[in-house]
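In the UniProt record's numbering, the protein residues as written are 1 to 342.
Here's the structure, in structure tokens; my notes come after.
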Amino acid sequence: MRRWSNTNRTNGTNGTNGHNNVPNGVQQVDSKSLTGTLDYINRDNYEFGNYGYGKNHVKLLHVYRDGPKHTIREFEVDTHLKLNTKKDYLDGDNKDIIATDTQKNTVFVLAKKYGIKTPEEFGLLICSHFLYMYRHVEEVEVALEEYPWERLQADGQEHNHAFLFSPNAIRFAIVTQKRNESPIIKGGLKNLRVLKTTQSAFTDFYQDGYRTLPDDNDRIFSTVVTATWEFSTANGVDFDDVWISIKNCIFDKFAGPPDKGIFSPSVQNTLYLAEKMALDKVPQISRIEMQMPNKHYLNVDMSKFPPSVIENNENKEVYHPIDKPSGIIYAELLRKNPSSKL
1 MRRWSNTNRT
11 NGTNGTNGHN
21 NVPNGVQQVD
31 SKSLTGTLDY
41 INRDNYEFGN
51 YGYGKNHVKL
61 LHVYRDGPKH
71 TIREFEVDTH
81 LKLNTKKDYL
91 DGDNKDIIAT
101 DTQKNTVFVL
111 AKKYGIKTPE
121 EFGLLICSHF
131 LYMYRHVEEV
141 EVALEEYPWE
151 RLQADGQEHN
161 HAFLFSPNAI
171 RFAIVTQKRN
181 ESPIIKGGLK
191 NLRVLKTTQS
201 AFTDFYQDGY
211 RTLPDDNDRI
221 FSTVVTATWE
231 FSTANGVDFD
241 DVWISIKNCI
251 FDKFAGPPDK
261 GIFSPSVQNT
271 LYLAEKMALD
281 KVPQISRIEM
291 QMPNKHYLNV
301 DMSKFPPSVI
311 ENNENKEVYH
321 PIDKPSGIIY
331 AELLRKNPSS
341 KL
């Protein structure tokens, strides 16, 4: 085995031979010699785990012009492929590689040829294209993230061709398909940040010598929701409607009626109720997973200031947002019999 060293030098002096920047006493290895060492590797001792390759962050804006009224959808797309051979890894044989630049071009061409209705449907289209066009592709995974554009309105009228970037939540989808198998379709949302100033408590939790947090009967509840759900079918599904419905389920169980709200005894309970409502409302999904990290807002102690500085007004409260550390609450809820709702 060769002994490699590093002189931390970039010129031909102080430890190099002055010609090819190779340190003195170190044997130079050409590419043919290095390739030849592959013959001595016992491949039977090892096996691949996960593998594959693809193109990430392919950005595209699709504009559909229906007369004077235009519709846009902007996406960032990742495409990942698994081939039925690993000779590109084992032998450096690139003949079967569908270049990542080719994958990028494919995304553009399919968008131009077929248009884009929803991220889930576009992901299905990309998967079916790669599996149909290239018989040596064994599995395709497509991840799509949609940029949240909304049509501008003026005096209650929708504008024909002007839009507002409105990032109240980011929509995403992941479609995976293996050859001769049905696709796995997942939808989701992230960065949905919500806050309510009352109707939230956290009490009666475990008491021991390590606990310093007191019971809180009325606190600010704020979180940034991430949700992922899996479809049990694609037949007849309005993917846009499903996304809106699940987002509304989260709002319903977090906020409640506009005048009275809804009480939350814990983040865990609110998360469960939102997931259950989503499964009740959307029969085409078989499971849903959510994450709700705590965004803490701590009451600023004004007792340190003299009364002459702070006027006593209980209706005016000041809170200090705390970024880190933060709690994280998550759960996945599944149907016991997924086929019962189809």
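Virtual Cβ for every residue (Gly too), placed ideally from N, Cα, C.
{"Check": "Span separating the alpha-carbon of A227 from that of W4", "Outcome": "49 Å"}
{"Check": "Same chain only: Cβ atoms within 6 Å of K190, ignoring 5 sequence neighbours per side", "Outcome": "I170, T226"}
{"Check": "Closer than 8 Å to chain D by CB, E74", "Outcome": "Looking at the structure shown, chain D is missing, and only one protein chain is on hand."}
{"Check": "Enclosing alpha helix (DSSP H) for Y132 [first to last residue]", "Outcome": "119-133"}
{"Check": "Residues that DSSP places opposite W149 in a beta bridge", "Outcome": "F165"}
{"Check": "G327 versus F263: straight-line alpha-carbon distance, rounded", "Outcome": "20 Å"}
{"Check": "The stretch 297-317 contacting the stretch 329-336, beta-carbon criterion three pairs below 8 Å", "Outcome": "no"}
{"Check": "Cα-Cα separation between E146 and E74, rounded to whole angstroms", "Outcome": "6 Å"}
{"Check": "Selection from Q153, G209, L144, R151 that minimises the alpha carbon distance to H80", "Outcome": "L144"}
{"Check": "Contact between the stretch 209-224 and the stretch 162-182 (3+ Cβ pairs under 8 Å)", "Outcome": "no"}
{"Check": "For V107 and S200, the rounded distance between their alpha carbons", "Outcome": "46 Å"}
{"Check": "Euclidean distance between Cα positions of V175 and P183", "Outcome": "7 Å"}
{"Check": "Selection from V300, P265, R287 that minimises the alpha carbon distance to E275", "Outcome": "R287"}
{"Check": "Residue from T100, M292, N294, N180 with nearest C-alpha to K55", "Outcome": "T100"}
{"Check": "Length of the line joining the Cα atoms of G188 and V242", "Outcome": "10 Å"}
{"Check": "Sheet register partners of R73 (DSSP bridge)", "Outcome": "H62"}
{"Check": "R335 (DSSP reduced to helix, strand or coil)", "Outcome": "coil"}
{"Check": "CB of N43 within 8 Å of CB of L90, strictly", "Outcome": "It should be noted that the sequence gives Arg, not Asn, for residue 43. For R43 and L90, yes; Cβs fall inside 8 Å."}
{"Check": "Integer-rounded CB distance, given that V58 should sit under 8 Å from E76", "Outcome": "7 Å"}
{"Check": "Candidates R135, E150, N45, V318, of which the one nearest V300 by Cα", "Outcome": "V318"}
{"Check": "Beta carbon of T198 nearer than 8 Å to that of M292", "Outcome": "no"}
{"Check": "K190: first and last residue of the uninterrupted beta strand (DSSP E) it sits in", "Outcome": "184-196"}
{"Check": "Test item: CB-CB of R151 and F163 under 8 Å", "Outcome": "yes"}
{"Check": "Buried versus exposed, by CB contacts within 10 Å (16 or more), M133", "Outcome": "exposed"}
{"Check": "Pick from G123, V194, P148 that is closest to V140, judged by C-alpha positions", "Outcome": "G123"}
{"Check": "Chain-order list of residues whose beta-carbon lies under 6 Å from that of F130 (same chain, five-residue window excluded)", "Outcome": "V137, V140"}
{"Check": "Euclidean distance between Cα positions of K281 and Y53", "Outcome": "37 Å"}
{"Check": "Nonlocal neighbours in the same chain, by C-beta distance under 6 Å from L334, ignoring five residues either side", "Outcome": "R287"}
{"Check": "Cβ distance (whole Å) where Y297 is taken to contact P321 below 8 Å", "Outcome": "6 Å"}
{"Check": "Assigned exposure category for P119 - 16 Cβ within 10 Å defines buried", "Outcome": "buried"}
{"Check": "First through last residue of the alpha helix (DSSP H) which encompasses Q103", "Outcome": "100-114"}
{"Check": "CA-to-CA distance, K295 to D323, given in whole angstroms", "Outcome": "7 Å"}
{"Check": "K260 and N160 closer than 8 Å at C-beta", "Outcome": "no"}
{"Check": "Outcome for K186 when other beta-carbon atoms lying within 10 angstroms are tallied against a minimum of 16", "Outcome": "buried"}
{"Check": "8 Å Cβ cutoff met for I246 and A278", "Outcome": "yes"}
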